[in-house]
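Trainee: Residue numbers (the UniProt record's numbering): 1 to 187.
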């Protein structure tokens, strides 16, 4: 995290306002010291906390929900954003959407692959997107691998997308523009 936030700060010095997402496991979020470490690093490198996204993978079992909730609230109150990753395939329930201080919900790629030809997944994606938006959050679709899928997501009202069609992972952070794009004219 330290090195990644340091590199993020360096990109800002060149005028490029990239965001940084970090996947955090449930055990890490159950550690009372984690928020202080993360917030301390954000302050150390003078990174806008609104450009740091903590992603809790939905496939992770949360043993101590109250500790995770408390830590995510501390992180959110410091201005960092929180995303629930891989939504729809793991341990979480819809109650997470109400209880956690989320900014984004990332739809698992299994609902996105072959979206054009799968009416059931289209209903799921559109309905979940409406519910997520009603809670004041944004939806990110994972595994967007072609323009047809991107256009279908736009038609279904999904705001953001990520995947190989948008941009492949690159170890060269300074050369990256973004791995997630707005597809519905929102920012």
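All residues carry an ideal CB built from backbone N, CA and C; glycine is no exception.
1) Can you list, in chain order, the residues of its chain with a C-beta nearer than 7 angstroms to that of residue 41? Leave out the 5 residues immediately preceding and following it.
2) For residue 45, which three-state DSSP category applies?
3) By Cβ distance below 7 angstroms, which residues in the same chain neighbour residue 24 in space, the five residues on each side in sequence not counted?
4) Apply the 10 Å Cβ neighbour rule to residue 66 and answer buried if 16 or more other Cβ atoms are within range, or exposed otherwise.
5) Would DSSP call residue 85 helix, strand or coil?
6) If you compare alpha carbons, which of 153, 20, 146, 156 is closest to residue 166?
7) Within this structure, are the beta carbons of residue 63 and residue 26 separated by less than 9 angstroms?
8) Just to confirm the assignment: which complete alpha helix (DSSP H) runs, minimum length 4, are found wholly within the segment 1 to 56?
9) Do residue 120 and residue 106 have their CB atoms nearer than 9 angstroms?
Mentor: Judging by the given coordinates:
1) Locating residue 41 in the chain shown gives position 41, counting from the first residue. Once the five neighbours on either side are set aside, the close Cβ partners of residue 41 are 1, 2, 5.
2) Your numbering for residue 45 matches position 45 in the chain shown. Three-state DSSP puts residue 45 in coil, outside helix and strand.
3) As a first step, residue 24 must be located in the chain shown, where it is residue number 24. Excluding positions up to five away in sequence, the list reads 54, 55, 56.
4) The residue you call residue 66 lines up with position 66 of the chain shown. Classification for residue 66: exposed.
5) On the chain shown, position 85 is the one that residue 85 refers to. Residue 85: strand per DSSP, three-state reduction.
6) Sequence index remark: in the chain shown, residue 166 carries index 166 (1-based). It is 146.
7) Residue mapping note: residue 63 aligns to position 63 of the chain shown, counting from 1. Residue mapping note: residue 26 aligns to position 26 of the chain shown, counting from 1. Yes, these two residues count as a Cβ contact at 9 angstroms.
8) 2 to 13, 26 to 29, 34 to 44
9) Mapped onto the chain shown, residue 120 falls at position 120. Mapped onto the chain shown, residue 106 falls at position 106. Not a contact, by the Cβ cut-off of 9 angstroms.
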